[in-house]
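Here's the structure, in structure tokens; my notes come after.
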Amino acid sequence: MTPPETPDEIPPHYDAAATERTLYEEWERAGVFHADAARSTRSGGDRDPFVIVIPPPNVTAALHVGHGLNSTVQDVLVRWRRMAGDEVLWVPGTDHAGIATQNVVEKLLAAEGKTRQDLGREAFVERVKSFVTETGGQILRQLRAIGASADWTRTAYTLSPELSRAVREIFVRLYDDKLIYRGHRVIHWCPRCLTSLSDEEAEHSETTGSLWHIAYPVVGDPARQIVVATTRPETMLGDVAVAVHPDDDRYRDLIGKRLLLPIANFEIPVIADSYVDRAFGTGAVKITPAHDPNDFEVGKRHALPMPVIMAPDATMADGADSAGRVPATLRGIERFAARRMMVAQLESEGRLVKVEPHQHAVRHCYRCDTVVEPRLSDQWFVKMAPLAAPALEAVKDGRIRILPERHEAVYINWLTGIRDWNISRQLWWGHRIPVWRCPDCSHEKAYRDDPTSCGQCGGTALQQDEDVLDTWFSSWLWPFSTLGWPDDTADQRAFYPTDVLVTAPEILFFWVARMIMAGLYVKKEVPFHTVYLHGTVRDMQHRKMSKSLGNGIDPLQVVDEFGADALRFTLMQGMGLGVDVMLDPADLEKSFAPGRNFATKLWNIGRFLLMQVGAEPVRAFESIPETALTNADRWILNRLSTAIAECDVALGPARTAGPWSEGLRVAGMRLDAHAETARRFVWNELADWYVEAAKSRLLGSGDDREVARAILVHVFDQGLRLLHPIMPFVTESLWRRLPTFEAGTFLARANWPTPAPALSGGERFDLIREAIGTVRQLRADYSIPPGQKIVAHVVSPDATAKARAALLFHEAALIARMARCELLSTPAPGGAAAHALLSHGLELVLPLAGVVDLQKEITRLGAEHVALSKQLDALRGRLSNEKFTGKAPPELVEAERTKEREWTARRDQMQSKLHDLGAA
RNA sequence: GGGCGAAUAGCUCAGCUGGUUAGAGCACCUGCCUUACACGCAGGGUGUCGGGGGUUCGAAUCCCUCUUCGCCCA
-9 MTPPETPDEI PPHYDAAATE RTLYEEWERA GVFHADAARS TRSGGDRDPF
41 VIVIPPPNVT AALHVGHGLN STVQDVLVRW RRMAGDEVLW VPGTDHAGIA
91 TQNVVEKLLA AEGKTRQDLG REAFVERVKS FVTETGGQIL RQLRAIGASA
141 DWTRTAYTLS PELSRAVREI FVRLYDDKLI YRGHRVIHWC PRCLTSLSDE
191 EAEHSETTGS LWHIAYPVVG DPARQIVVAT TRPETMLGDV AVAVHPDDDR
241 YRDLIGKRLL LPIANFEIPV IADSYVDRAF GTGAVKITPA HDPNDFEVGK
291 RHALPMPVIM APDATMADGA DSAGRVPATL RGIERFAARR MMVAQLESEG
341 RLVKVEPHQH AVRHCYRCDT VVEPRLSDQW FVKMAPLAAP ALEAVKDGRI
391 RILPERHEAV YINWLTGIRD WNISRQLWWG HRIPVWRCPD CSHEKAYRDD
441 PTSCGQCGGT ALQQDEDVLD TWFSSWLWPF STLGWPDDTA DQRAFYPTDV
491 LVTAPEILFF WVARMIMAGL YVKKEVPFHT VYLHGTVRDM QHRKMSKSLG
541 NGIDPLQVVD EFGADALRFT LMQGMGLGVD VMLDPADLEK SFAPGRNFAT
591 KLWNIGRFLL MQVGAEPVRA FESIPETALT NADRWILNRL STAIAECDVA
641 LGPARTAGPW SEGLRVAGMR LDAHAETARR FVWNELADWY VEAAKSRLLG
691 SGDDREVARA ILVHVFDQGL RLLHPIMPFV TESLWRRLPT FEAGTFLARA
741 NWPTPAPALS GGERFDLIRE AIGTVRQLRA DYSIPPGQKI VAHVVSPDAT
791 AKARAALLFH EAALIARMAR CELLSTPAPG GAAAHALLSH GLELVLPLAG
841 VVDLQKEITR LGAEHVALSK QLDALRGRLS NEKFTGKAPP ELVEAERTKE
891 REWTARRDQM QSKLHDLGAA
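In terms of the numbering used here, the first sequence opens at residue -9 and continues consecutively.
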């Protein structure tokens, strides 16, 4: 699709909407994002593989700006490596998200007045499936809108048949290795979702509650009682003891005595256990083994009964081992209502000693925010210690680095104290636990394929476990299950291990750490060498963006209004390593102006180029002899090389051979630095200086015009390449309009630039820039109207200065245009004039009769003189200090000496100037 | 309660292993429709680098301490 428009028909503002969709479709059609396993060096190919697996969003999710940030980071890396010549694979996909998705569908059912139980398990699962098929995966389509260059032919889903097989395979392996077991213990239970949760899924939040002090009378000694302090009085019906510290003198004589549990009127013993914190509350703790994990441990140590006193929905009810504990008046009452009733009863019975406000952390369900109820039950667990040890080692020895570095400490801390992982969920949506039990012989076993008869007794009445697996039990296989594991596939050989894992720090434990464990357990190799944890998008009050707060930003709306490139550039520019990105949801215009403005600027540079350079062929950059290059050419080419080198440092290295060395461990991944460097080059160097300098050359003819055209195209082309990973659409659409464009090629597949050796002479253009800047400043200082032409007399006090002055006259036309100032070699006439010193002793004198008055000029120069003198004095002080010259590195001292010479000459010059003007 | 981090311009942040006259974007002020661009151009820094102490020839940078925020874990 060569542009039919002529340059002056290109609109002055980049129209993102008109460009992006068709461009994306073209990329996809041409297979630009497709990875070829055979080309990976691991498969005998000629390209290093570079692989990222997407953190799979929930299948029901809609794109929010957090996904936008996360995906843009990945896309920048992936596009960069693709241009750098790697065989790049970005694996996209979604997560079935057990609890979350089941909740969504249950809500839909509720609107129809139904529950999942009404439908029954099979029908419910079918219902979820069809819901997911119809509405699911929209987020993957939305990712295309922001330019994500994933290989869609490899789209994965955690509940697909292929990935389900991977889940089953690892379950069986772990089961057979005795790393999965069934445990009877207190777990976190969500009474709304009606399922157990892992430790990580039960989130803490600080709450101000109450600490109730309740008196338990001593049986047979009406004068005595023990006061216990509790934050959860409703659980007292499940109390089986009161524990005190064995060395606590207050209670020592009561150990072994019995107490009367109020309300329930049960007798319970006083026991001694050093777990009790004497300083907390009254130093006496009620022990409720079935409803508190610590009490459960105490109960086990003392062989106490463990009565459950709540139904799964957290209404009060007799449960296991609790016959008769819950009075009829409380049965069926919700736990917090029951709490109020019980507190009232205790008060009326005189058992409530006091109530004090109490700050403590209450755990909530990470999916529905319901207060979690600790509950004794049978669950499946993964034994973590054997899996954690190698995962810990991998980070410690540098095979994996975590950025920002400080998160490594968090990771190590967590893995060091890791607890077993509860993987069973009492849900219907998910991978069903592949364990069957034979009712005839009680044989229990995990099967890779559904069994028809018991392997031990041949019975055929096998029953499968009712529970499903934690969603994260499928996610932790993601880096290799998406590549075909457990089969030995070409993809797996070509693309495992992957390279960088990009995600938010919140799921370091949920997901990242477990992937490392699974990768090492199954593949004996780390799943990636770099974990990049990015910040969170927040609003102007630094609040996380969320649906409930209504402070979210819809990335698709941003794409509509400003373009995907504007969204991406703005996000990347604000992406300091691990730093949160602040955006104002109330003012999208302001938030995304930087990206939008820059996209337009780029567009206009392109527009200018196309107008001036035209469509006629340009010389190949390589064919231009160095002698044909002007100072400006040399300068911009050097700036380009610097920019390329800086971008490379900002992004890379992409990988290392072996573990990360100390020096490289924190290197690269500075996406904000990459964005800023590329922006600075294109805008502040190319557009502000080189394009301006090239204008007059383009108006001319002959060889120099051709050189200018070629350099302009080359340099802009290179700039587009540097920016393409961040702003793929506008850069691609400009790139294909360049006269050097070859049909059928894509910027997305063009070579990443490499820096060239510095050309001599580039610094001569700096003198031109200095002269222009100086005149502009004088014009502003003296408020010379822009329309008014002025002249400057160039004064060269010595031979060096004369040589430099020649340079200025050589570029006199450029200076005249950019500074609106004509250069003259004649001595300045007498009278009021503005004076400026340039480097190398050069001097400009601007006779401005009627504008400059002598006194003002003296004041201005005087102020400059004072400032310079001050700095020079400090510098001289340093240089005359023997401690400095003796201890500081010699090259620094030498540099300071050079500076001293320059400053001294400058000050002397300024002084004589002031003297000439008649200053005291 | 334990651990980690941050504090630099009005706002959001760079400033790596100590050595430029402390920077960028946005905002702001002044002047400009200079034939690519007003989503732009030119000029302007508006700062006790959170407070105090220390190490050093030299501290925004290293150490101690205090204050204020934030995050993770129990």
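We treat Cβ as the ideally placed atom computed from N, Cα and C, and that holds for glycine.
- Separation of the CB atoms of residue 604 and residue 719 is rounded to 24 Å, and the pair is thereby denied contact status at 8 Å.
- According to DSSP, residue pairing for residue 261 in a beta bridge involves 233.
- For residue 17, the enclosing alpha helix (DSSP H) stretches over residues 6 to 19.
- Residue 107 places its beta carbon 9 Å or farther from that of residue 52.
- Under the three-state reduction of DSSP, residue 346 is assigned to strand.
- Put simply, the backbone Cα of residue 134 is about 14 Å away from that of residue 66.
- Put simply, the backbone Cα of residue 844 is about 59 Å away from that of residue 541.
- Look at the beta carbons and you see the region 599 to 616 not touching the region 354 to 361: under three pairs across the two are nearer than 8 Å.
- Going by beta carbons, residue 829 and residue 757 fall inside the 9 Å limit.
- 9 Å or more divides the Cβ of residue 822 from the Cβ of residue 765.
- The residues 279, in chain order, have a CB closer than 8 Å to that of residue 290 in the same chain once the five nearest residues on each side in sequence are set aside.
- Put simply, of 60, 20, 70, 391 the residue whose alpha carbon is nearest the alpha carbon of residue 638 is 70.
- Cβ atoms of residue 189 and residue 409 come within 8 Å of each other, at about 6 Å.
- When the Cα atoms are used, residue 212 and residue 206 turn out to be separated by approximately 10 Å.
- The region 366 to 377 and the region 171 to 191 touch, with no fewer than 3 CB-CB distances between them shorter than 8 Å.
- Beyond the five residues adjoining it in sequence on each side, residue 363 comes within less than 6 Å, by CB distance, of 179, 181, 304 in the same chain, given in chain order.
- Within the DSSP secondary-structure output, residue 202 pairs in a beta bridge with 220, 345.
- If you ignore the 5 residues before and after residue 373, its C-beta comes within less than 8 Å of the C-beta of 168, 169, 170, 171, 410, all in its own chain and listed in chain order.
- For residue 276, the number of other beta carbons within 10 angstroms of its own is at least 16, and it is reported as buried.
- By the 16-neighbour rule on beta-carbons within 10 angstroms, residue 524 is buried.
- Rounded to the nearest angstrom, the gap between the Cα atoms of residue 712 and residue 672 is 9 Å.
- Taking residue 472 as the centre and dropping the five residues before and after it, the same chain places the C-beta of 43, 81, 83, 144, 146, 153 closer than 8 Å to its C-beta, in chain order.
- In this structure, the beta-carbon distance from residue 825 to residue 646 does not fall below 9 Å.
- Of the candidates 323, 314, 204, 214, the residue whose Cα lies closest to the Cα of residue 340 is 204.
- Within the DSSP bridge table, the entry for residue 196 names 351 as partners.
- In the structure shown, residue 742 falls within a coil segment according to DSSP collapsed to helix, strand and coil.
- Closest option to residue 513, judged by alpha-carbon separation, among 499, 486, 121: 486.
- Look at residue 247 here: in three-state DSSP terms it is coil, with no helix or strand label.
- Annotated three-state conformation of residue 852 is helix, per DSSP.
- Looking from the CA of residue 800, the closest CA among 814, 788, 787, 789 belongs to 814.
- Nearest in C-alpha terms to residue 377, of all of 296, 511, 717, 907, is 511.
- Contact fails between the region 35 to 50 and the region 11 to 19, because fewer than three Cβ pairs, one in each stretch, are under 8 Å apart.
- Apart from sequence neighbours up to five positions away, the residues of its chain that approach residue 451 with a beta-carbon distance below 6 Å are 429, ordered along the chain.
- The criterion of a C-beta distance shorter than 9 Å is not satisfied by residue 572 and residue 665.
- Take residue 386, set aside five residues on each side of it, and the residues of its chain with a beta-carbon closer than 8 Å to its own are 402, in chain order.
- It is roughly 5 Å from the alpha-carbon of residue 421 to the alpha-carbon of residue 459.
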